[in-house]
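Here the protein sequences line up with chains F, U, E, L and A, keeping their order. Residue numbers for the first sequence follow my numbering, so the first one is 1 and each next one is one higher. Residue numbers for the second sequence follow my numbering, so the first one is 311 and each next one is one higher. Residue numbers for the third sequence follow my numbering, so the first one is 883 and each next one is one higher. Residue numbers for the fourth sequence follow my numbering, so the first one is 1384 and each next one is one higher. Residue numbers for the fifth sequence follow my numbering, so the first one is 1490 and each next one is one higher. Where is the CB? At the ideal position from N, CA and C, for every residue including glycine. Computed from a prediction, not measured in an experiment: that's the story for all the values here. Report on the following structure.
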Amino acid sequence: MSLLFDAVLCLLLLLGALGVVATGAARPAVIAFIGYGLLLGLAWVRLDAVDVALTEIAIGSGISGVVLLHCVRALPAPPRAPAAHPMLRPLAAAIAVAIAAALALAVLALPEPAPTRAADVAAALPATDLGNPVTGVLLVFRALDTLLEKVVLFLSLVGVWALSRDPACRGRPAPLSPEPAPAPSAFLARVLAPIGVLVGLYLLWAGADHPGGAFQSGAVLAAMGLLLVMGDQIRVPAAGNRSLRLLMLAGPFGFLAVGFAGWATAGVFLGYPPGAEKAVIIAVEVAITLSIAVTLALIVLGPPADEGRS
Amino acid sequence: MTGDALPPPLDLSGLAPAMPVLSETLMVVAIALPLALAFGALVPAVRRVLPHLLVFVPLPALIAALAVPRGLSVLVAPDPFRFTLALDAPGALLLGGAALLWMTASAYAMAYLRKDPARPAFIVWWLLTMAGSFAVFLVADVASFYLAYALVSFSAYGLAAHDDTVEARRAGALYLALTVLGEALLIAAFVMLASGPADANPQIRDAVALLPASPWKTPILLLILLGFTLKMGLFPLHVWMPLAHSVAPVPGSAALSGIVVKAGVIGLLRFLPEGVPLPGWGALLCGAGLFTAYYGVAVGLTQRHPKRALAYSTVSQMGVVAAVIGAGIMNGTAGTFTIAAFYAANHMLLKGAMFLMVGVAMAASPRRALAAAAVAALLGLSLAGLPLSGGAMAKYAIKLIVPDGGAGVLLTLSAAGSTLLMARYALLVARSGTENQKTEGKEMQGRPPRGLVLPALALAVLALFAPFALFAEVTGVPVSAAFTAAALVKGFWPVGLGLGVAALLAWKGPRVPEVPAGDILHAAGFLSATGRTIMEGTVAADAVLRRWPVAALALLGVAVSLAATLTFAAMP
Amino acid sequence: MSALLVLAVTAPLLGLVPLFLLGPRTGERAALAMLAVNLAVTAGIAEQVAQGGRAPGYFVGGFAPPLGVGLRADGFSAAMMLMAALVLLLTGLFAMTGPGDMTRKVKARGSAGRPATFFILLLSLACALNLAFLAQDLFTLYVALELLTFAAVPLVCLEGKAGQLSAALTYLLFALFGSVLYLLGVVLVYGLFGTLDIAHLAGLLAQGTGGATAAAALALMSAGLMAKAALFPLHLWLPPAHSGAPPAASAVLSAVVIKAPLFLLVRLWSDLAPLPLTQVAGPIFAVCGAAAIVFCGVVALAQERLKLLIAYSTAAQIGYLCLMFPLAASDDGQWSALAWTGGTLHLVSHALSKAAMFLAAGLIAETMGHDRLSGLSGVGRLAPVSVAAFGLGGLSLMGLPPSGGFVAKVMLLTSALQQGSWWIATVVLAGGLLAGGYVLRVVVIALQHPDAGLPEARECRWRALIALALAFGAMLVGFMPLAPLPFLDIGRPLSWEGLLP
Amino acid sequence: MTGALLFGLAGAALVGCGVYGLLTASGALGRILGFNVLGGGVFLIFGAVARRGAAAGFSADPVPQALVITGIVVAFCATALAVALLVRLSTMEARAAPADAGEKET
Amino acid sequence: MAMSLIADAFTLVFVAAGIAFFAAGTLGLVRLPQTLSRIHALTKADNVGLALVVLGLLPQAGNIFDAAKMVAIWLLAQLASGAVAQVMAEAVIAEARDGADASPPEESRP
């Protein structure tokens, strides 16, 4: 029975993806993409990867959707694109089908006693007294990847800010929508924001033992921030605002500080003090969540507008 | 007959105890002095005093050529680089000749370019070419030879393209293109050569000794011949020489035609095995040399400008040198290289003097130009081998190498040809005095400045009499042997024949149209056309390749083809 | 367990905090200090590798691979890190706002605040490069590649001109396409072997398991890396990106940024893949490399703008390294070691000379106000030191002594001829010819008499001297002996010997 | 045919769609969407691999899941940067070409 | 045993009803001509459908917290769809008004 549900879900996923790829116009493609993202979240739940499902829906289709819709609104009517070579579409379709078929064969040919690291994780997890193995891998076993991934997030914001014509990157980004927010969205912002923040903090706290964690709560908090901005409840924060920048640096450099502290306590970089692992991990997670929330929100808000211009 | 263990002509045995250290430092200073001054030119103070110093810079090289015992070598840099210098007979002859030409041409250049604003730049290129030329004659290991050869070739561009006219830029570009081609050919040959002996940067002598046994003997010899004959200007690789020599200022073309061309000669002398008969290659080189000798004369006769006539004369004379070397290595006769170097040195001095005389004539009134033409004629005849002149000594010496068979006859006949060309050159020099005497704008009505005349005459005297001093030492035969009645007659008939034909042609010869410089280059115009179409095609293909869909398809194509090949390979 | 490896990755990041919080001037000085520290750390690592004679390793967080992530510095990566650190430091000094700069019109063009962003990106580049050279885990290498792309793309469009933005967008999208293919390869490898640590994978692959899927994974990863290294025919983004970027940025992009994917390609095919597979894949890379050398060389000859000419020259010179694959993978030890050393020396000397040429081109363009070749005649008078730096850098590209390029070219030629692959030898020579063509074309134009009147601007002398220093660095590499370098063989073949129980 | 394998095949199909999108998209936005679909497909295959590796009490291998989370965040950063570039480029082109808005936009 | 039977029957009935409402909502979305009526159909039918499904699943929920979470989900869905419906409606009306007085509405993007 569940296989049937999976089959239908896969079919819907495929249709969604084709919808995204095949439509020429930008807006329907983005809307199809958001729908496809939600279906993808469902697929992750079916694959027993609830953390990933949360991340996919919150970041993969949620905030990405906002960014893409913002882009569609900013793009002028696309000029008559020069007609692509007539042979391009059939050739591309042929290559796409060939690659998909080859990959399918490869997936089918994966070795039967599937090689896995689950046993190693199970062996090493109790030492960190974390319940959720994914958080364990993210913050303890492969902590270097997560640390550098935070730097990637930080860099992409620096990249977005570098695009502003205001050289000092101190100004305030342009508001998301030029006209004032309609009343219902202001109402929604006022009502939903506190609940959302609560849900975000819950996700953060539950992350140690159950699905959840820094990324997902950061995304939810960022969404709530954006909702407040779009509902004109709070002003768009200026790029030069000192506390904002400190929050942004808290994630990557807080984690780095803990990593260096690991030398003193656990004798190895990014090692956690034996006995107090959980406390330190939670502290790191809080720092990461704050910086993710701020960075994601600022990325969506875009580069600071020029000083003179509104 | 001759060999390396030759007593140096200038016997400084009096300084016996300091002898090895002195001669080693002499060799190093010969190269280091011009190089240091070239970089010193960056400092304005040095730049001001340089013009007066220029004459004395080649002095250490001259003394080294005369005093340093043959076969002495000095290690300049420690082992991994092994920058070694060594002096042998051919090297010494060419080094001495070059030093003399550099000294006189330097004095001449300073007077010739007195009012030229770009003189400091010319001086820097002049010093770099000088350093490169001394280095190329002295250096003994493969990598350093390549460095010296590159230095002399690329800095000679500065001399050629000094006047910066449109034609000079075109000639300079062609010169650079062919030089880079030559470098590529030679690096391939040197890499194959150097992989013979064990260590990475072997001595040239050891590498060449292993050449006959090396698996790549044919490609090495082919590349070496191509690379060095390109510099010597053998047909069909000579196209750049008439262009470059005619656009360069007079002292520049004297240096180019006299010394830079000899880098190709010393290259052949260093990198061809001596004493090992190479019949096939010898015949090829000799044939090409002879053909070039006649071809140079034929095209030279049609030229209207004395410098271009001299350029073709150099092409022809280098053909003769190549023929001598070819004949020598055909049956591996000993002493070939020293005599070939002797002939080349003689040509160096004579050709340098003749170019300087052209400058003097162009700066003189018609009456004085005739006097200059007389000296030029004398130099020309000496080059052609007129008995009792220095050139005759050289012609006699090469007769010792080339037997009296077919090649010998052709060689002597070429002397007649070059007499004809020299007569034509003298006629052009005489005429050149008249037309552009006004354009020079010299205020002293028609009297060429002393700064030009003195060095030219000094070089002319040297060119005429130096071979006598060196003949005995080079060939081991006493000078008097060349003065026997039979030798005199044998030397005279080609020159006489040449003069007779010249007189006949001058009297009622046909009006032959002038062949443009770089003759077959214009026939090869289609080469540049195809080159341009290839370039446009590539740029268009690049534009297509850089479109997004094409690049994305290319990326997937690469991934798929790589996966396919690896899967078939991985399949047991 | 050498702590220096961790410092190499994390030290540059520490420079970001002052840059981001404090003003641009103090931030700039802190960044330069951090780049100097980075150079010191990489020199320490190189010295440690040389003394110890074996490759120092480090398990981050104390967890040994395959669960944790390991860092390891063998001779090859130590050499590359040293080169990258040197070029980044000198380029940083070049981009510093010098004493007379505030008044110059360059600063006035609204890039006063820009240097802070430039130095943030430069430090992130240093971190990404060191991670790419040290990491032994395929996914950590993916993160390093992404960090590299995210630091490089804003560098291209720092001045915000429309041309630069579209170049940056194309660069970002094509690099992302490449990194997704790389990630697909990593996924298949994990599906097959359950581990991402290169040493373990090498062991498993050597046993011949995996078959077609392993081949497909290696192919996908290689294709991704070739896309990010702009190897022919995937070079669509390189010319506009490298020529459009500001001088210091294009120097760093051309000299070191594209070297990381190339380095990973070499590591993939020398440490990870078994020898028989490498010997099959080697010729394909060699063909792409040869096509790059000839095709991009000819297109470089035809360029009308100086920076585009140098950018195409970069696209061509990348091909040289790919020629090394079949030569270094052959069985006879001596000649493959020579090809290996030749390839590395070419990487190092190309980095130094290309950085010098781009910095010099930047100064020339700034002095003359444009970089159209037709209008640059006689620039040698205005910017003599820049033209000298460009010429010396060009010397190394042409492969004339006494430059690093010459030593590399001789080594590649010797190895190619000894192993009988004549076509690689001819391509190396053709590359030298083409390089000679486009370098001499620029030098000749610069040394001619000026056709039109020259502007009265002068070159910024202390920046030109930095470019000259880089060019001299490329020449110094030329004094390496013409023999295989033992330093580069330390730590090969790859294994965690001694560190792993 | 277990559930994991089914989603693996779906992942392969999504990779195919992503490739088709990247090849045929005319504008940069289409390519960004294609890149995201392609990334989603790759992660889905990784999820299927994780699900197959269920052992030692976990219903799926946690290591690939952690990598996928990092991958999704990196993919988002890429999309955000690409969109910011695209928006800035289009506003500049719109501002640069108001004069000839009438005739065909060059 | 009887309790679970009744609970299952209860769930079956209510979930089926819920799905019927969802089907109606989707049918409305597809068939109705203008955007406004489509929004109307969607918000009304889907909310009731969701309420019925949540109600039907309450007995299946393990403990009280899960049940509370499902009800919270329903409440959030109500809040969100209500607010969003209003915003979209205002946007559609504003677009129609601008379209009417400025110039014939250029084909509004779907």
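With DSSP as the reference, please indicate the residues paired to residue i in a beta bridge.
i, result
"L396 (chain U)", "Per the sequence presented here, residue 396 (chain U) reads as Ala, with Leu not at that position. Paired residues: U:S383."
"R1187 (chain E)", "E:R1254"
"P1284 (chain E)", "DSSP, once it has assigned bridges, lists no residue as partnering P1284 (chain E)."
"A1017 (chain E)", "E:L953"
"V449 (chain U)", "U:L395"
"G1079 (chain E)", "In the sequence as displayed, the identity of residue 1079 (chain E) is Asp instead of Gly. According to DSSP, D1079 (chain E) bridges with E:D1019."
"F941 (chain E)", "E:G952"
Thinking residue i and residue j are a contact (beta carbons under 8 Å), I'd like their distance in whole angstroms, please.
i, j, result
"V1359 (chain E)", "L1227 (chain E)", "6 Å"
"A1238 (chain E)", "G1275 (chain E)", "4 Å"
"S177 (chain F)", "P303 (chain F)", "Not confirmed; about 17 Å, so no contact."
"A1438 (chain L)", "A206 (chain F)", "The Cβ separation is near 24 Å, so there is no contact."
"I927 (chain E)", "L953 (chain E)", "Going by Cβ atoms, the distance from I927 (chain E) to L953 (chain E) rounds to 10 Å, so no, they are not a contact pair."
"L895 (chain E)", "L256 (chain F)", "6 Å"
"G133 (chain F)", "L125 (chain F)", "According to the sequence as given, residue 133 (chain F) is Pro; it is not Gly. Indeed they touch by this definition, with Cβ atoms about 6 Å apart."
Going along the chain, which residues of its own chain have a beta-carbon closer than 6 Å to the beta-carbon of residue i, five neighbours each way excluded?
i, result
"A499 (chain U)", "I530, L533, I534"
"W1217 (chain E)", "S1297, Q1300, Q1301"
"C10 (chain F)", "none"
"A1465 (chain L)", "I1415"
"V812 (chain U)", "Correcting the residue identity first, residue 812 (chain U) is Ala in this sequence and not Val. Cβ within range, chain order: L730, A733."
"A1050 (chain E)", "V1035, V1038, C1039"
Taking C-beta to C-beta, are residue i and residue j nearer than 8 Å?
i, j, result
"P1363 (chain E)", "L457 (chain U)", "no"
"V695 (chain U)", "K705 (chain U)", "A small fix is needed here, since residue 695 (chain U) is Gly in this sequence, not Val. Yes, they are a contact pair."
"A1109 (chain E)", "F1177 (chain E)", "no"
"A208 (chain F)", "G259 (chain F)", "no"
"L204 (chain F)", "E285 (chain F)", "yes"
"A1534 (chain A)", "F1510 (chain A)", "yes"
Quick one: which chain A residues come within Cβ less than 7 Å of residue i?
i, result
"V191 (chain F)", "L1568"
Below 7 Å on C-beta distance, what does residue i contact in chain E?
i, result
"A510 (chain U)", "P1363, L1364, A1365"
"A869 (chain U)", "L1063, A1101, L1102, A1105"
Mind pulling the chain E residues with CB within less than 9 Å of residue i?
i, result
"C1460 (chain L)", "E1028, F1032"
Identify, in the order they occur along the chain, each residue of the same chain with its Cβ nearer than 8 Å to the Cβ of residue i, setting aside the five sequence neighbours on each side.
i, result
"R1343 (chain E)", "V1267"
"R309 (chain F)", "Interpretation of R309 (chain F) is limited by its pLDDT of 39, a score under 50 that renders its predicted location unreliable; no figure is taken from the coordinates."
"G701 (chain U)", "N656, L660, L691, S692, L693, A694, G695, P777"
"A1484 (chain L)", "Confidence at A1484 (chain L) is low in this model, with a pLDDT of 46, below 50, so its placement is unreliable and no value can be given for it."
Which chain F residues are close to residue i, counting only those with a beta carbon under 7 Å from its beta carbon?
i, result
"A1479 (chain L)", "By Cβ distance, chain F contributes nothing, its closest Cβ being about 12 Å from A1479 (chain L), past 7 Å."
Listing by chain order, which chain U residues have their CB less than 8 Å from the CB of residue i?
i, result
"V1402 (chain L)", "L866"
Can you find the residues in the same chain that come closer than 7 Å, C-beta to C-beta, to residue i, ignoring five residues on each side of it along the sequence?
i, result
"L1120 (chain E)", "A1112, A1193, T1196, A1197"
"A421 (chain U)", "P759, G761, L762"
Give the interface partners of residue i over in chain F, defined as CB-CB distance under 8 Å, in chain order.
i, result
"G1505 (chain A)", "One detail in the question is off: residue 1505 (chain A) reads as Ala in this sequence, not Gly. Simply none; closest approach about 17 Å."
For residue i, return the contacting residues in chain U, with the cut-off set at a CB-CB distance below 9 Å.
i, result
"L1392 (chain L)", "Within 9 Å Cβ-Cβ: nothing; L1392 (chain L) doesn't reach chain U, min ~19 Å."
_Counting only Cβ-Cβ distances shorter than 7 Å, please list the residues of the region 1165 to 1194 of chain E near chain B, keeping chain order._
The chain inventory of the structure shown lacks chain B, comprising the protein chains F, U, E, L and A.
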